[in-house]
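Residue numbers (our numbering): 6 to 926.
Structural data, given as structure tokens:
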């Protein structure tokens, strides 16, 4: 199964599948059903960061330097966590300025400088070529391992000619793929739908492949992670090799590698391509900010276990452990799946990186040279669009061949991770010009250029040239002795800084020079008007409404603008720019002679920027537009006007909110006044009714006694008893009303003193026992404590307890009335609960029973029935709650847990231990 024919058939079959997926993605885009409109697809496309370096090299680095490989992924995780502040701004700028690459981004920031864009493109071409080499080397080595195992792959590679090297043919196939799906349109800022869909699919393939070999290693080669770790811990050498002390450079190595990975993640051309250029909606960053770090966690989950297993089993080259471990077990299918996973990791990177580099080469290097040619401007209409696409396609082939050449000449001297980190350090040189330019308006083109040159030269001296020396192409004595015997210029110990890992060492000196020159030169040089304008647009990119403003106040005719776009973009793209204009006028000579509005000039420049880059677009627009773009003062005026508008809007919103709150407060106060008025009327009516009832009885019986001289003595005595009882009732009612008035005014006089609530409860029960018996109520008393010391007014508390028992007796079941009184301790309080077995009180009525004169009608009974409207004034419970509250307690209603009716619960705080409780008699 591991024959060359089978492996190549599967590999090129997989590449053919990528063609199918990319074609399907492009077809869906043409139908208006875009795949890359999904934030999940966007997050998966960002995983192009995980290249063959991740797939093979992370295990190799873990085997050599322990957990230091994690820093390569913690940097991007940190960048994604900062994406709402950093990457979102990059996306916003790129969308407004039609940015096509990181070189175009930096060029546009510094006055659309063609020379600065060319410098960035050259640095990217030199620095990223080793990264493409890494992918091709990974394909070559993994194929050799798969075919020749257990023979060493180096032996096999040394005997092969370049036409027998499978990575050479893979590079050619990828060139065809990139030409078909990466250069379908001249506008490089347009999204490559099919390419992004293929990259997202490859991200899933490499994740599944890596997890498969991880699960096999841990659970098949070993009996789970416990067995693996136990065998490693038995070997002190392995424990030391995988510990923190194995990280090169110590603490400086940790910090340096973290910073390097963070900067490289946002400046590598391929990452800029998928993060910024291919972003269709900046809201996708929200999901990507957690989904991409989750992907990194998943694909690195088994790196340490695979490295441990490979070292325990001596599985050969650490970079190849993911292949040699399943091969050593005699498997056939899993190694092939792993090979496809590595192939997907390598090809994904090569595809996106080559698109990004070819765009930079054509727009930043070749186009500025061609624009200086007089013959180019004399070309017939529409011809140049084809030329430009051809230039980009040739650049793709040359870049891939350059990567393969580097692989053939120097690739064997470095490990996979070493090659990758060299490119990381090169890409990081773009960070100062890009990041500082996004946030500091004073950064100048000259400062950025000098900083880039200085940083790149130091990078080349400390990392790139030593690579050539180690491969034998350059004498390596300067590595240890320094050039001309100057040891302080040794590449790995520049200025005497030793004991650092080579990447942190290179990053420190290169960024120090880069940032120092950028800031220092910027402080002493002046910006051109266009540079000032672009600086304002970049630094204020998040300012609402700024990017929609037209920045041109020059003049040209519609015909000149149309001819320019026809020449460089073709008639189709020109028609899209002029869409929405008056077609009848545009078709006539009169229409072509009309002045082009500023908005049309801005759209034309954006269209040219998407195809040729910002610098070339500016040159072409200047060739037909008489005048200039808005200067800094105009931009600042726009900003100030927008800021003032926003401030006015903010104040209006604030005032509106204040008015709404005031209106709501007035409405609530009005409702409360109406409620108080209603309660007042009800109170007067209820008091009048309650007072009139006993007075009417007294008057009626008094008149009978006055007018009936011949009444029998028995009836006379009965009528006198009724008069006395109604008089007592009237007295109680008046006393209750007075008590309620005192409570509400705060003038109720209480005599708090230490007392025993148990004794007081027993006394209260004895007082109502005879009355409850007469009603037929079965009263059960459960006192769970011997003493209940509280501080309270004995008379008032007895009034409360009697009232609770009286209410429970009234509302108990008619056929078999029961009342239960329980007294016990609850934390630092004593609770007295009185239950009944009546119908209970519904939840919405439980607070209303404490309102003045509120009485509950028993369900199913009319108010005329004696038990339908319980005898009483409706003031007992409000007064009781007021008394309990004045004593620091609470009174509430809940469902009876034992008898199932209503339960009135009184809670009082326990008296301090030093307070003696007096018995309440």
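Glycine included, C-beta positions come from ideal geometry on N, C-alpha and C.
Worksheet item: What are the boundary residues of the beta strand (DSSP E) that residue 898 is part of?
Response: Residue numbering aside, residue 898 sits at position 893 when the chain shown is read from its first letter. In the DSSP assignment, residue 898 falls within the unbroken beta strand (DSSP E) covering 895-900.
Worksheet item: Taking the alpha helix (DSSP H) that residue 224 falls in, what are its first and last residues?
Response: Start at 1 with the first residue of the chain shown, and residue 224 comes out as number 219. DSSP places residue 224 in no alpha helix (DSSP H); its state is neither H nor E.
Discussion item. Measuring only the C-alpha atoms, how far is residue 68 from residue 240?
Written reply: Position 63 of the chain shown, counting from 1, holds the residue named residue 68. Position 235 of the chain shown, counting from 1, holds the residue named residue 240. Whole-angstrom Cα-Cα distance: 14 Å.
Discussion item. Using the three-state DSSP reduction, which class does residue 917 fall into: helix, strand or coil?
Written reply: Against the chain shown, residue 917 aligns to sequence position 912. Of the three classes helix, strand and coil, the one that applies to residue 917 here is coil, per DSSP.
Discussion item. In the DSSP assignment, the beta strand (DSSP E) including residue 501 goes from what residue to what residue?
Written reply: Start at 1 with the first residue of the chain shown, and residue 501 comes out as number 496. Neither: residue 501 is in no beta strand (DSSP E) and is coded neither H nor E.
Practice prompt. Please report how far the alpha carbon of residue 851 lies from the alpha carbon of residue 880, in whole angstroms.
Written response: Locating residue 851 in the chain shown gives position 846, counting from the first residue. Locating residue 880 in the chain shown gives position 875, counting from the first residue. Residue 851 and residue 880: Cα-Cα distance of roughly 15 Å.
Worksheet item: By Cβ distance below 7 Å, which residues in the same chain neighbour residue 342 in space, the five residues on each side in sequence not counted?
Response: Taking the first residue of the chain shown as 1, we reach residue 342 at position 337. Correct list, in chain order: 214, 217.
Item to complete: Would you kindly work out how many angstroms separate the C-alpha atoms of residue 773 and residue 811, rounded to a whole number?
Response: Counting from one through the chain shown, the residue named residue 773 turns up at place 768. Counting from one through the chain shown, the residue named residue 811 turns up at place 806. Each residue's Cα considered, the two are about 8 Å apart.
Discussion item. Our contact map puts residue 71 next to residue 252 with C-beta atoms below 8 Å; I'd like the distance itself, whole angstroms only.
Written reply: Stepping through the chain shown from its first residue, residue 71 is reached at position 66. Stepping through the chain shown from its first residue, residue 252 is reached at position 247. At roughly 6 Å, the Cβ-Cβ gap stays under 8 Å, so residue 71 and residue 252 are in contact.
Practice prompt. Compare the Cα-Cα distances from residue 699 to each of 718, 350, 726 and report the closest residue.
Written response: The count along the chain shown starts at 1 and reaches residue 699 at position 694. Nearest option by C-alpha distance: 726.
Worksheet item: Taking the C-alpha atoms as reference points, what is the distance between residue 905 and residue 822?
Response: By one-based count along the chain shown, residue 905 stands at place 900. By one-based count along the chain shown, residue 822 stands at place 817. Each residue's alpha carbon lies about 12 Å from the other.
Practice prompt. Quick one: residues in its chain with C-beta nearer than 8 Å to the C-beta of residue 421, no 5 flanking neighbours on either side, listed in chain order?
Written response: Looking up residue 421 in the chain shown gives position 416. For residue 421, the pLDDT reaches just 49, beneath the cut-off of 50, and the residue's location in the model is therefore unreliable, although a value from the coordinates is still provided. Only 57, 58, 61, 62, 65, 139, 142, 143, 324 meet the Cβ criterion.
Discussion item. For residue 336 and residue 330, what's the separation of their Cα atoms in angstroms?
Written reply: Translated into the one-based positions of the chain shown, residue 336 becomes position 331. Translated into the one-based positions of the chain shown, residue 330 becomes position 325. Taking the straight line joining both Cα atoms gives about 9 Å.
Discussion item. If we require 3 or more residues per run, which beta strand (DSSP E) segments fall completely within the segment 255-317?
Written reply: none
Discussion item. According to DSSP, simplified to helix, strand and coil, what is residue 797?
Written reply: Counting from one through the chain shown, the residue named residue 797 turns up at place 792. Residue 797: strand per DSSP, three-state reduction.
Discussion item. I'd like the list of long-range same chain contacts for residue 4, defined as Cβ closer than 6 Å, with 5 residues on each side in sequence excluded.
Written reply: In the structure displayed, the chain extends from 6 to 926; residue 4 sits before or after that span and is not available.
Worksheet item: Going by beta carbon distance, what residues of the same chain come within less than 8 Å of residue 636, once the five residues before and after it are set aside?
Response: Position 631 of the chain shown, counted from the start, is the residue given in the question as residue 636. Low confidence applies here, because residue 636 scores a pLDDT of 49, under 50, leaving its location unreliable and the question unanswered by this model.
Fill in: Any 3 or more C-beta pairs closer than 8 Å across the segment 203-214 and the segment 37-54
yes
Worksheet item: What did DSSP end up calling residue 787 once you bin it into helix, strand or coil?
Response: Counting from one through the chain shown, the residue named residue 787 turns up at place 782. In this structure, residue 787 counts as strand in the three-state DSSP scheme.
Item to complete: Leaving out five residues on either side along the sequence, give the residues of the same chain with a beta carbon under 7 Å from the beta carbon of residue 301.
Response: Along the chain shown, one-based indexing puts residue 301 at 296. Closer than 7 Å at Cβ, skipping near neighbours: 78, 81, 82.
Worksheet item: Can residue 438 and residue 456 be called in contact, C-beta distance under 8 Å?
Response: If you number the chain shown from 1, residue 438 lands on position 433. If you number the chain shown from 1, residue 456 lands on position 451. Yes, they are a contact pair.
Worksheet entry | Boundaries (first-last residue) of the alpha helix (DSSP H) holding residue 771 | Residue mapping note: residue 771 aligns to position 766 of the chain shown, counting from 1. Note, residue 771: alpha helix (DSSP H), 762-780.
Practice prompt. List the endpoints of the continuous beta strand (DSSP E) containing residue 831.
Written response: One-based indexing of the chain shown puts residue 831 at position 826. Segment 823-831, the beta strand (DSSP E) holding residue 831.
Worksheet item: If you follow the alpha helix (DSSP H) that residue 904 is part of, which residue opens it and which one closes it?
Response: Sequence index remark: in the chain shown, residue 904 carries index 899 (1-based). Where residue 904 is concerned, there is no enclosing alpha helix (DSSP H), given that its DSSP letter is neither H nor E.
Fill in: For residue 364, the nearest candidate out of 400, 13, 655 (CA to CA)
Along the chain shown, read from residue 1 onward, the residue named residue 364 stands at position 359. Among 400, 13, 655, the Cα nearest to that of residue 364 is on 400.
Discussion item. By the three-class DSSP mapping on this structure, what secondary structure does residue 91 have?
Written reply: On the chain shown, residue 91 is found 86 positions in, with the first residue counted as 1. In this structure, DSSP gives residue 91 a state outside helix and strand, which the three-state scheme calls coil.
Worksheet entry | Residues of its chain near residue 310, where Cβ-Cβ distance is below 8 Å and the 5 sequence neighbours each way are ignored | Numbered from its first residue, the chain shown carries residue 310 at position 305. The residues are 219, 222, 223, 230, 233.
Worksheet entry | Beta-carbon proximity check, residue 373 vs residue 119, cutoff 8 Å | Counted from its first residue, the chain shown places residue 373 at position 368. Counted from its first residue, the chain shown places residue 119 at position 114. Yes, these two residues count as a Cβ contact at 8 Å.
Discussion item. Between residue 126 and residue 99, how many whole angstroms is the CB-CB distance? I'm expecting something under 8 Å.
Written reply: In the chain shown, residue 126 corresponds to position 121, counting from 1. In the chain shown, residue 99 corresponds to position 94, counting from 1. That belief does not hold up - the Cβ atoms of residue 126 and residue 99 are roughly 17 Å apart, past 8 Å.
Item to complete: Just the C-alpha distance for residue 883 and residue 816, rounded to the nearest angstrom, thanks.
Response: Residue numbering aside, residue 883 sits at position 878 when the chain shown is read from its first letter. Residue numbering aside, residue 816 sits at position 811 when the chain shown is read from its first letter. The straight-line gap from Cα to Cα measures roughly 17 Å.
Discussion item. Which of the three DSSP states is assigned to residue 759 in this structure?
Written reply: In the chain shown, counting from the first residue as 1, residue 759 sits at position 754. The answer is strand: DSSP assigns residue 759 an E or B state.
Worksheet item: Do the segment 792-808 and the segment 889-906 meet, that is, are 3 or more Cβ pairs less than 8 Å apart?
Response: yes
Worksheet entry | Nearest-angstrom Cβ-Cβ length linking residue 516 and residue 453, presumed shorter than 8 Å | Numbered from its first residue, the chain shown carries residue 516 at position 511. Numbered from its first residue, the chain shown carries residue 453 at position 448. With a Cβ gap of about 14 Å, residue 516 and residue 453 do not count as contacting.
Worksheet item: Which word fits residue 789, buried or exposed, when buried means at least 16 other C-beta atoms lie within 10 angstroms of its C-beta?
Response: Along the chain shown, one-based indexing puts residue 789 at 784. Exposed, because fewer than 16 other Cβ atoms sit within 10 Å of the Cβ of residue 789.
Worksheet item: Could you give the uninterrupted runs of the alpha helix (DSSP H) lying entirely in the segment 83-136, keeping only those of 4 residues or more?
Response: 92-102, 107-114
Practice prompt. Put residue 663 into one of helix, strand or coil per three-state DSSP.
Written response: If you number the chain shown from 1, residue 663 lands on position 658. Looking at residue 663 - three-state DSSP - the assignment turns out to be helix.
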